[in-house]
Amino acid sequence: MTGNDSLLTNAFIFLLVALVAVPIARRAGLGQSVGYLLAGMFIGPWGLAIIRDADTVASAVRISTFLLLFVVALQATPARIRRLAKDFFSLSMLHFGLTTLLVFIVSMLTGVHWHHALVIGVTLALSSSALANQAFNDSYPSGSPLTETGRRLLLSQNLAVIPILIFFPLLSFSAVAIQGSPWPLVLRSLFMVIGFALFGQYLLRHLFRVIAATGLDEVFAAFALILVIGTLLLAQVLEVPLELGAMLAGLLLTRSEYGSAINISIRPFRGLMVGLFFISVGMTVDFSTFIGKPVQLIVLTILLVSIKIWVLRNILRYSSVPRAQRIWLATVLSQSGELAFIVIAFAVNYQTITPKLGSELTVLVALSMLATPILLILAHKRGLIPAHTQSNTGLELGAIADSQVVIAGYGRIGRVIAQLLKNNGYRTAVIDHNPERFAALRKDDFVGFYGDVMRPDLLTAAGIDHAAVLVVAIGNSEKAEELIIKARREFPGMTIVSSAVDAHGKASLIAHGADRAYAETFETALLMGEDILELVGASPLDAQSMTEAFRDASDDVAITDSEATGRGRPA
């Protein structure tokens, strides 16, 4: 078989197992990331050996590592980094530092040398963004305190990979006699990071503007590719880790004012890139390592997961995450993940740890990821409101709401509008994906549906087919635009009223199909409610008097931090 034939065959096998493994894993409740990992174990040299060539496995891991680090870096947008900076020296740093310290101590107690123990502590403190984000998407909405806190913790760990890649070679004591001092490598890496920061801050935006002025998408894409490949080539010339080059390339692009466009372009392929990485890593998991000491590795996995759950659950006391959800979030982040696999391979490559220790750590990380779905099932009862509450819509089972108005979101805007309409006898149905808000709307005796507002079955059950008005009161502007586009396409005659973050957002929502849009304040909610009363049949004078009466009675309306989920942020 020629090299080209082998490449095509391996690519076909990778894509085929991805196509088969993910649906099976999802149906079994394991999640797609675990499905990819198991698929790699299945086809790799230690499984059925469908792919057994060591060079092929090494090349797949290398390429998929660069792709994953690039994708990870793209998530570190300037806005997210600014939000992270507000609590970095509290929650995020404390979580990572304390987890590292405890794992380091346990490693020392098992007889591991201190610099190996430090590598183990730092490596195993890195949780899996892929597993966590999937759990967030399945169970909680974007913008809730739980998801925002979880994603800030994950972002801080992702960014921690940069100093790890720079300074870990300093722990390669066994390689000093052969390769010399690692300090020149560290200094070159620091020089490259600083140089790229300056380039991105002062030159890149001007270059992008010149390229964008051509109006040709293919030229824009080519320039972005040149930046990525050029960064990797520069890393190669400077003899610094290519993993660092992949991270810097992603950060360079996402920091530009065109970073959002690049993120949107790559979004359809992001999941596939992560999947190919897990398949590649799965092929490196050495079953003989596990067979040689199964009890020890299982006990260490349980100890690792227990440490991470205990640390995060206690730290979350000082966060905005509701108490009932802390154990769930701690469980979601209790494993080590994809970045740990990368750091292990990096440490072995730079002789910071031995290959044997690297193999054991790889198995340990894989076991912690495989344990996560089981732990989430056990934590489900404590992390989410009870299932019967989520399905309690206020209607008979399977009934469709007879709604005049469907409200997407029960935050500070949606809540005022819903109460104003209810007080004046109009029929409403509310959809929300936040457990606390859903519990609140059922307590307020509204017809409610728990879940993602984009789900067609929820919209149908809420009565969207015969409702006169759709109110979009969700704080995620991208999701609001997506919902408006969907509703305008499927229900062209419906009136769509939406809240907006600011004037720019208002114009964008109207451009995407909203009939009316309003900037978010309490008075905005009243103004929206008054207009909606008119849209469902009230006369202008009656609508005005109803609104004024509601305002007079609303001194104690629930627009407080304690009742509006997310500490006053919109739904």
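Take any residue in the sequence shown, count from 1 to its spot, add 69: that is its number in the numbering used here. Even for Gly, the Cβ is constructed at its ideal location relative to N, Cα and C.
- Which term fits valine 245, buried or exposed, when burial requires 16 or more other beta carbons within 10 angstroms of its beta carbon? Exposed, since its Cβ has fewer than 16 Cβ neighbours within 10 Å.
- Query: What residues are listed by DSSP as bridge partners for serine 568?
  - Reply: The partner list for serine 568 (beta bridge, DSSP) reads Tyr587.
- Could you tell me the distance, in whole angstroms, from the CA atom of serine 315 to the CA atom of alanine 148? Sequence inspection shows alanine at residue 315; the serine mentioned does not correspond to that position. Taking the straight line from one Cα to the other gives about 21 Å.
- Message: Since glutamine 404 and threonine 441 should fall inside the 8 Å C-beta cutoff, what is the C-beta to C-beta distance between them, to a whole number of angstroms?
- Response: Confirmed, about 5 Å.
- Message: So, for leucine 143: in the same chain, excluding its five sequence neighbours on each side, which residues have a beta-carbon less than 6 Å away from its beta-carbon?
- Response: Answer for leucine 143: Gly319, Thr323, Asn332, listed in chain order.
- Task: Excluding the 5 residues preceding and the 5 following leucine 223 in the sequence, name in chain order all residues of the same chain whose CB lies nearer than 7 Å to its CB.
- Result: Correct list, in chain order: Ser196, Ser198, Ala201.
- Item | C-beta contact flag for serine 568 and valine 538 at 8 Å | Result no, Cβ atoms of serine 568 and valine 538 do not sit closer than 8 Å.
- Item | Cβ neighbours of alanine 612 in the same chain (closer than 6 Å, five flanking residues each side left out) | Cβ neighbours of alanine 612 within its own chain (closer than 6 Å, five residues either side excluded): Glu599, Leu602, Glu603.
- Please state whether DSSP places isoleucine 476 in a helix, a strand or coil. Three-state DSSP puts isoleucine 476 in a strand.
- Task: Per DSSP, which residues does valine 432 bridge with? Please list them.
- Result: Its beta-bridge partners do not exist; DSSP assigns none.
- Between threonine 529 and isoleucine 469, what straight-line distance do the alpha-carbon atoms span, to the nearest angstrom? The alpha-carbon atoms of threonine 529 and isoleucine 469 are separated by roughly 7 Å.
- Leaving out five residues on either side along the sequence, give the residues of the same chain with a beta carbon under 6 Å from the beta carbon of leucine 234. Same-chain partners within the cutoff: Pro310, Glu312, Leu313.
- Query: Using a Cβ-Cβ cut-off of 6 Å (strictly less than) and excluding sequence neighbours within five positions of serine 133, which residues of its own chain qualify?
  - Reply: Answer for serine 133: Leu345, Phe346, Ser349, listed in chain order.
- Return the chain-ordered ranges of every alpha helix (DSSP H) run that is complete within the segment 300-387 and spans a minimum of 4 residues. Every alpha helix (DSSP H) stretch that sits fully inside the segment 300-387 and reaches 4 residues is listed by chain position as 311-324, 328-351, 356-361, 363-384.
- Inter-stretch contact (C-beta, 8 Å, three-pair minimum) for the segment 503-518 and the segment 479-494: In short, these stretches touch, since the Cβ pair count reaches three.
- Query: Under three-state DSSP, which class holds aspartate 600?
  - Reply: DSSP places aspartate 600 within a helical segment (H, G or I) once states are collapsed to three.
- Message: Bridge partners for threonine 497 per DSSP, in chain order?
- Response: Its beta-bridge partners are Val474.
- If you count every other CB in all the chains shown that lies within 10 Å of the CB of leucine 552, and 16 or more means buried, which is it? By the neighbour-count rule (16 or more Cβ atoms within 10 Å), leucine 552 is buried.
- DSSP three-state call for leucine 171: helix, strand or coil? In the three-state reduction of the DSSP assignment, leucine 171 falls in the helix class, which pools H, G and I.
- Message: Out of Gln226, Val89, Glu429, Phe165, which one is the CA nearest neighbour of valine 141?
- Response: The candidate whose alpha carbon is nearest that of valine 141 is Gln226.
- What are the boundary residues of the beta strand (DSSP E) that leucine 539 is part of? For leucine 539, the enclosing beta strand (DSSP E) begins and ends at 538-541.
- Give me the Cα-Cα distance between leucine 88 and aspartate 124, rounded to the nearest whole angstrom. Straight-line Cα distance between these residues: approximately 24 Å.
- Message: Quick check: the Cα distance between methionine 162 and leucine 240, rounded to an integer number of angstroms?
- Response: The straight-line gap from Cα to Cα measures roughly 22 Å.
- Length-filtered (4 minimum) alpha helix (DSSP H) runs lying within the segment 79-143: As far as the segment 79-143 is concerned, its whole alpha helix (DSSP H) runs of at least 4 residues are 101-112, 123-143.
- Task: May I ask which residues mark the beginning and end of the alpha helix (DSSP H) holding valine 516?
- Result: No alpha helix (DSSP H) contains valine 516, which is instead part of the beta strand (DSSP E) from 516-519.
- Query: Beta carbon of phenylalanine 236, beta carbon of valine 255: below 8 Å?
  - Reply: It is a contact, given that the beta carbons lie within the stated cut-off.
- Give the range of the alpha helix (DSSP H) segment to which histidine 184 is assigned. Segment 183-193, the alpha helix (DSSP H) holding histidine 184.
- Could you tell me the distance, in whole angstroms, from the CA atom of leucine 136 to the CA atom of leucine 402? One alpha carbon belongs to leucine 136, the other to leucine 402, and they sit about 23 Å apart.
- So isoleucine 411 and glycine 427 are in contact, right, with Cβ under 8 Å, and what is the actual spacing, rounded? In this structure isoleucine 411 does not touch glycine 427 by the C-beta definition: roughly 12 Å separates them, more than the 8 Å allowed.
- Beta-carbon gap between phenylalanine 518 and lysine 491 smaller than 8 Å: No, the pair does not count as a contact, with Cβ atoms beyond the cut-off.
- Continuous alpha helix (DSSP H) stretch holding glutamine 404: start and end: Premise fails: glutamine 404 is in no alpha helix (DSSP H) and is neither H nor E.
- Query: Among the residues of its own chain, which have a CB less than 7 Å from the CB of aspartate 621, if the five just before and after it don't count?
  - Reply: Apart from the 5 residues on each side of it in sequence, aspartate 621 has no Cβ closer than 7 Å to any other Cβ in its chain.
- Query: Closest to phenylalanine 619 by CA distance: which of Leu259, Met438, Ala487, Pro363 is it?
  - Reply: Per the Cα distances, Ala487.
- Message: As a quick exercise: from Pro525, Pro363, Asp584, Thr218, pick the residue whose alpha carbon is nearest that of tyrosine 387.
- Response: Looking from the CA of tyrosine 387, the closest CA among Pro525, Pro363, Asp584, Thr218 belongs to Thr218.
- Neighbourhood of isoleucine 661 by C-beta, 8 Å cutoff - its chain only, sequence neighbours within 5 removed: Any answer about residue 661 is impossible in this case: the structure gives the chain only from 70 up to 640.
- Message: Determine, for glycine 361, whether the minimum Cβ-Cβ distance to residues of chain D falls below 8 Å.
- Response: No chain D appears in this structure, which consists of one protein chain only.
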